[in-house]
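What follows is a set of notes on a single structure, which appears directly below.
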Amino acid sequence: MINVSIAVSTYSNRIEQLTLKEYPNVEYIIVHQSPCDISSKIRMLLDNRNDVSYIPTETIGLSKSRNIAIKNSKGKYIIIMDDDVDFSFNSIEKLTKHMDEDDVDIGTYYHRYTDGNTTKNKEYSFFHNRFNIANPSSIDICLRRKSIVDSGVLFDEHFGLGAEYPSGEEMIFLSDCMNANLLLKRYPIEICTHPPLTSGSDFYSTKEKISAKREMFKRVYGKLGVVVFLIFVLKKFPKAFKAGYGKFFLKNAFFN
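So in the UniProt record's numbering, spot 196 of the sequence shown is number 196, and the numbers just go up one at a time.
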């Protein structure tokens, strides 16, 4: 019985950097957007491993890739993963054990960066609510597959890299899970190691990135979303200003 599905999204020749470690009762779902010619090494890995399912697709957008992976997973749990992330099987086992004990539908966790920094800022577990679901990245999310299938919740394909709004899909997904009465809990566990730069850290350098934040808050909080976005702008302005985008950020936050 497959216990965990590792759902990996990759794009074009980025597939060449995959290293898929074998582990009992774990499968890999590789969703390959903009598929290209693959080296013999990767082709052999995809063709000869019973624990690897390869899905090439011409679809565009990270959320579409995530949804394809979810629909094709067979494990009790689904770990959302990128193609440039390393992870610990022991930590995954620890997480799923806690989720079993707590009967949790969605477990979130933390990741470490290759420069030694970490996103982990709590040493205790806690349940998610409407105002702390903005913190987890996609690679910090584990799904109980049956709960997701039964609820019908998927990533909103209008949000995420390659979509109309290039960020915000994680928060919207977790919000939709809460709307479906699923139980979400964050655990003080580091599972992944990721390069220091992340797409979510730049929210100010383009009109699209700024509007994505605004539309994300409106999607999650409804009419209150405009107020939450205003608070976000005031809180984050110093970071945009320090990066040289202060005026641009304010102009497009309020007049775009």
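Ideal Cβ placement from N, Cα and C applies to all residues, glycine included.
Does the beta-carbon distance from Cys192 to Ile139 come in below 8 angstroms?
Taking the first residue of the sequence shown as 1, we reach residue 192 at position 192. Taking the first residue of the sequence shown as 1, we reach residue 139 at position 139. Between Cys192 and Ile139, the gap from beta carbon to beta carbon is short of 8 angstroms.
Are the CB atoms of Ile172 and Leu143 nearer to each other than 8 angstroms?
For the purposes of this step, residue 172 is identified with residue 172 of the sequence shown, where counting begins at 1. For the purposes of this step, residue 143 is identified with residue 143 of the sequence shown, where counting begins at 1. For Ile172 and Leu143, no; Cβs fall outside 8 angstroms.
Let me know if Arg43 comes out buried or exposed under the rule of 16 or more other beta-carbons within 10 Å of its beta-carbon.
Taking the sequence shown and counting its residues from 1, the one referred to as residue 43 is at position 43. The residue is exposed, with fewer than 16 neighbouring Cβ atoms inside 10 Å.
Looking at the structure shown, is Glu27 part of a helix, part of a strand, or coil, going by DSSP?
Reading the sequence shown from its first residue, position 27 is the one you call residue 27. Of the three classes helix, strand and coil, the one that applies to Glu27 here is strand, per DSSP.
For the candidate residues Ser34, Leu20, Asp51, whose alpha-carbon lies nearest to that of Lys41?
Position 41 of the sequence shown holds residue 41. Nearest option by C-alpha distance: Leu20.
Is it right to say Val153 is buried, meaning 16 or more other beta carbons lie within 10 angstroms of its own, or is it exposed?
Here residue 153 refers to the residue found at position 153 when the sequence shown is read from its first residue. Classification of Val153: buried, given that the 10 Å Cβ count is 16 or more.
Jot down the residue ranges of each uninterrupted beta strand (DSSP E) in the UniProt domain "Glycosyltransferase 2-like" (15 to 123), minimum 3 residues, whole runs only, in chain order.
26 to 33, 52 to 57, 77 to 82, 106 to 113
CB of Tyr77 within 8 angstroms of CB of Tyr187, strictly:
As a working note, residue 77 is residue 77 in the sequence shown. As a working note, residue 187 is residue 187 in the sequence shown. No; because the gap between Cβ atoms is not below 8 angstroms, this pair is not in contact.
Measure how close the beta-carbons of Phe127 and Lys185 come, nearest whole angstrom, since I'm counting them as under 8 angstroms.
The residue given as residue 127 occupies position 127 in the sequence shown. The residue given as residue 185 occupies position 185 in the sequence shown. The Cβ separation is near 5 angstroms, so the contact holds.
Would a C-beta distance cut-off of 8 angstroms place Tyr124 and Pro196 closer than the cut-off?
Here residue 124 corresponds to residue number 124 of the sequence shown, with the count starting at 1. Here residue 196 corresponds to residue number 196 of the sequence shown, with the count starting at 1. No, these two residues do not count as a Cβ contact at 8 angstroms.
Any idea which residues DSSP pairs Val8 with across the strands?
If you number the sequence shown from 1, residue 8 lands on position 8. Paired residues: Ile30, Met81.
Which residues mark the beginning and the end of the beta strand (DSSP E) in which Tyr165 is found?
Here the question's residue 165 lines up with position 165 in the sequence shown. Unbroken run through Tyr165: none, as it is neither H nor E.
According to the Cβ coordinates, are Phe232 and Phe217 closer than 8 angstroms?
Within the sequence shown, numbered from 1, the residue matching residue 232 stands at position 232. Within the sequence shown, numbered from 1, the residue matching residue 217 stands at position 217. For Phe232 and Phe217, yes; Cβs fall inside 8 angstroms.
Whole beta strand (DSSP E) runs in the stretch 129 to 175 with 3 or more residues, listed along the chain?
141 to 144
Within this structure, are the beta carbons of Ser190 and Ser91 separated by less than 8 angstroms?
One-based indexing of the sequence shown puts residue 190 at position 190. One-based indexing of the sequence shown puts residue 91 at position 91. Reading the sequence as shown, one finds Glu at residue 190 and not Ser. It is a contact, given that the beta carbons lie within the stated cut-off.
Through-space distance from Lys209 to Leu62, alpha-carbon basis:
By one-based count along the sequence shown, residue 62 stands at place 62. By one-based count along the sequence shown, residue 209 stands at place 209. Near 15 angstroms, if we compare the C-alpha coordinates of Lys209 and Leu62.
For Lys236, report the span of its alpha helix (DSSP H) as first-last.
Sequence index remark: in the sequence shown, residue 236 carries index 236 (1-based). Its alpha helix (DSSP H) spans residues 225 to 242.
Bridge-paired residues (DSSP) for Ser184:
Working through the sequence shown from its first residue, we reach residue 184 at position 184. The amino acid at residue 184 is misidentified as Ser; the sequence shows Leu. Looking at the DSSP assignment, Leu184 forms a beta bridge with Ile106.
Going by alpha carbons, who is nearest to Ser88 out of Lys251, Lys122, His194?
Here residue 88 refers to the residue found at position 88 of the sequence shown. Of the candidates Lys251, Lys122, His194, the one whose C-alpha sits nearest the C-alpha of Ser88 is His194.
Go ahead and pull the three-state DSSP assignment for Phe127.
One-based indexing of the sequence shown puts residue 127 at position 127. The answer is strand: DSSP assigns Phe127 an E or B state.
At least three beta-carbon pairs within less than 8 angstroms, the stretch 44 to 60 to the stretch 12 to 28:
yes
Which term fits Asn67, buried or exposed, when burial requires 16 or more other beta carbons within 10 angstroms of its beta carbon?
Working through the sequence shown from its first residue, we reach residue 67 at position 67. Label assigned to Asn67: buried.
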